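This report concerns only the one structure given below.
2 protein chains.
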Amino acid sequence: MSAIGQAISIGELARRADCKPETVRYYERIGLLRDASRTEGGQRRYGEDAVRRLTFIRHARDFGFSVEAVRELLAMSDQPDMPCHQVDAIAKHHLEKVESRLQRLTVLREELQRMVAQCVGGKVGSCRIIEVISDHQLCISETAHGAARDLG
Amino acid sequence: MSAIGQAISIGELARRADCKPETVRYYERIGLLRDASRTEGGQRRYGEDAVRRLTFIRHARDFGFSVEAVRELLAMSDQPDMPCHQVDAIAKHHLEKVESRLQRLTVLREELQRMVAQCVGGKVGSCRIIEVISDHQLCISETAHGAARDLG
DNA sequence: CTTGAAGCTGTAGTTACTACAGGATTTACA
DNA sequence: TGTAAATCCTGTAGTAACTACAGCTTCAAG
Numbered sequence: 001m002s003a004i005g006q007a008i009s010i011g012e013l014a015r016r017a018d019c020k021p022e023t024v025r026y027y028e029r030i031g032l033l034r035d036a037s038r039t040e041g042g043q044r045r046y047g048e049d050a051v052r053r054l055t056f057i058r059h060a061r062d063f064g065f066s067v068e069a070v071r072e073l074l075a076m077s078d079q080p081d082m083p084c085h086q087v088d089a090i091a092k093h094h095l096e097k098v099e100s101r102l103q104r105l106t107v108l109r110e111e112l113q114r115m116v117a118q119c120v121g122g123k124v125g126s127c128r129i130i131e132v133i134s135d136h137q138l139c140i141s142e143t144a145h146g147a148a149r150d151l152g
Numbered sequence: 001m002s003a004i005g006q007a008i009s010i011g012e013l014a015r016r017a018d019c020k021p022e023t024v025r026y027y028e029r030i031g032l033l034r035d036a037s038r039t040e041g042g043q044r045r046y047g048e049d050a051v052r053r054l055t056f057i058r059h060a061r062d063f064g065f066s067v068e069a070v071r072e073l074l075a076m077s078d079q080p081d082m083p084c085h086q087v088d089a090i091a092k093h094h095l096e097k098v099e100s101r102l103q104r105l106t107v108l109r110e111e112l113q114r115m116v117a118q119c120v121g122g123k124v125g126s127c128r129i130i131e132v133i134s135d136h137q138l139c140i141s142e143t144a145h146g147a148a149r150d151l152g
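Each protein sequence line maps, in turn, to chains A and B.
At position 97 of the first sequence the residue is numbered 97 (UniProt numbering), and the sequence of numbers has no breaks.
At position 45 of the second sequence the residue is numbered 45 (UniProt numbering), and the sequence of numbers has no breaks.
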């Protein structure tokens with residue numbers, strides 16, 4: 001609660017949350033982090049609360065939450081008396097996306113494994129890899145479609 | 001082989017390869033598709049070869065190959081007499097990326113499942129989801145780190 | 001021959017950062 | 001106290017792979 005100890009520079013903050021100063025400034029610009037207090041010379045100084053907040057952001061991003069989702073999560077965690085079904089809903093929605101992504105990636109892996117296995121090192125003209133990409137009919141499953149996209 | 005029948009409009013081409021006209025123009029701009037022939041009025045007209053090429057591109061993208069990888073694959077498939085170990089190398093490299101991505105996504109899914117299971121619908125203040133995101137120590141595995149990033 | 005759909009170019013927006021350039025400040029050490 | 005290296009500042013532009021206009025032209029059907 002005390003306001004002393006705003007002694008952390010942007011570089012140190014970034015190091016502690018495993019990101020770069022540019023990223024910190026970016027988060028400030030888009031409003032995920034509050035404007036930091038400044039030294040007389042104009043450099044940012046932070047406290048432990050900023051470390052926690054930034055760490056939260058970075059972890060949420062690691063989990064694959066979009067910045068907008070993180071913004072919602074932050075807004076909610078700033079109000080601890082709120083019922084948490086919204087948090088739950090965001091996590092569930094995210095889980096669903098992860099699951100479908102997993103499913104499609106699994107098919108993709110099989111397809112690639114098959115491609116690589118069938119390529120016996122001849123000429124491109126008879127290359128199974130090119131062939132499979134050219135003609136999706138040769139795929140194991142239609143599910144492979146869109147495997148690596150929409151990763152919001 | 002014949003050059004007759006350049007009767008496909010950009011909209012039709014896009015529809016046939018399951019993308020949008022904007023995407024076709026984009027691929028032309030970045031050189032994945034050759035410049036199309038034009039009507040007197042300046043509209044693009046395509047033949048079946050363009051359908052095949054665009055379909056190839058879209059499938060390769062679906063498989064998660066980057067545009068630059070697609071460019072290489074196209075260059076190779078344009079030279080059928082080339083030995084195909086380069087194609088093989090690209091596919092293998094891609095397979096490796098897909099596999100590590102899968103591994104990390106699997107961990108992420110477990111983490112999210114655990115989060116959702118532990119959220120019993122109380123107040124945000126005691127929400128396990130927020131807690132887990134805040135404190136990565138609570139994670140099952142360190143591997144969860146970076147789960148949804150670097151999907152080039 | 002008109003009308004509505006589709007096409008054209010060029011530019012700007014998207015996401016989540018990252019990378020400068022060109023200068024100011026801080027800090028460590030002599 | 002002086003100075004030099006490290007760090008910081010702002011602002012802008014770049015990245016990937018499209019997507020979305022605005023404002024205008026062309027095409028195709030009836």
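Yeah, the Cβ is synthetic: ideal placement off N, Cα and C, and Gly gets one too.
All figures in this text were calculated on a predicted structure; none of them were measured in a lab.
Strictly under 7 Å for the Cβ-Cβ distance: is residue i near chain B by that measure?
i                 : result
Leu112 of chain A : yes
Ser66 of chain A  : no
Ile130 of chain A : yes
Leu105 of chain A : yes
Arg16 of chain A  : no
Pro80 of chain A  : yes
Arg71 of chain A  : no
Arg109 of chain A : yes
Let's see if you can read the secondary structure: which residues bound the beta strand (DSSP E) around residue i?
i                : result
Tyr46 of chain B : 44-46
Which value, in whole angstroms, describes the spacing of the CA atoms of residue i and residue j?
i                 : j                 : result
Ala14 of chain A  : Pro21 of chain A  : 5 Å
Arg149 of chain A : Glu131 of chain A : Low confidence applies to Arg149 of chain A: its pLDDT is 35, below 50, so where it sits in the model is not reliable, and the reading given next is rough at best. Rounded to whole angstroms, Arg149 of chain A to Glu131 of chain A spans 22 Å at the Cα level.
Ile133 of chain A : Gln103 of chain B : 24 Å
Glu40 of chain A  : Glu28 of chain A  : 19 Å
His145 of chain B : Lys123 of chain A : Residue placement at His145 of chain B is poorly supported in this model, since its pLDDT is 42, which falls under 50; the coordinates are not used for a value here.
Gln118 of chain A : Ala50 of chain B  : 27 Å
Leu151 of chain A : Thr106 of chain B : Only weak support is given to the placement of Leu151 of chain A: the predicted model assigns it a pLDDT of 29, under 50, and the value that follows is read from those uncertain coordinates. Those two C-alpha atoms are separated by around 15 Å.
Gln43 of chain A  : Leu54 of chain A  : 18 Å
Arg128 of chain B : Met115 of chain B : 6 Å
Leu33 of chain B  : Ser100 of chain B : 32 Å
Taking 7 Å as the CB-CB cut-off, is residue i touching chain A?
i                : result
Asp49 of chain B : no
Gly42 of chain B : no
Gly31 of chain B : no
Leu74 of chain B : no
Lys97 of chain B : no
Lys92 of chain B : yes
Lys20 of chain B : no
If you follow the alpha helix (DSSP H) that residue i is part of, which residue opens it and which one closes it?
i                 : result
Glu40 of chain A  : Element bounds for Glu40 of chain A: n/a, residue is neither H nor E.
Ser126 of chain B : Element bounds for Ser126 of chain B: n/a, residue is neither H nor E.
Gln86 of chain A  : 85-118
Gln8 of chain A   : The residue you asked about is not Gln; residue 8 of chain A is Ile in the sequence shown. Premise fails: Ile8 of chain A is in no alpha helix (DSSP H) and is neither H nor E.
Ser66 of chain B  : Per DSSP, Ser66 of chain B belongs to no alpha helix (DSSP H) and is neither H nor E.
- Query: Can we say the region 104-114 of chain A touches the region 76-95 of chain A, given the rule of at least three CB pairs closer than 8 Å?
  - Reply: no
- Taking 8 Å as the threshold, find out whether the region 92-99 of chain B comes into contact with the region 62-81 of chain B through three or more Cβ pairs. yes
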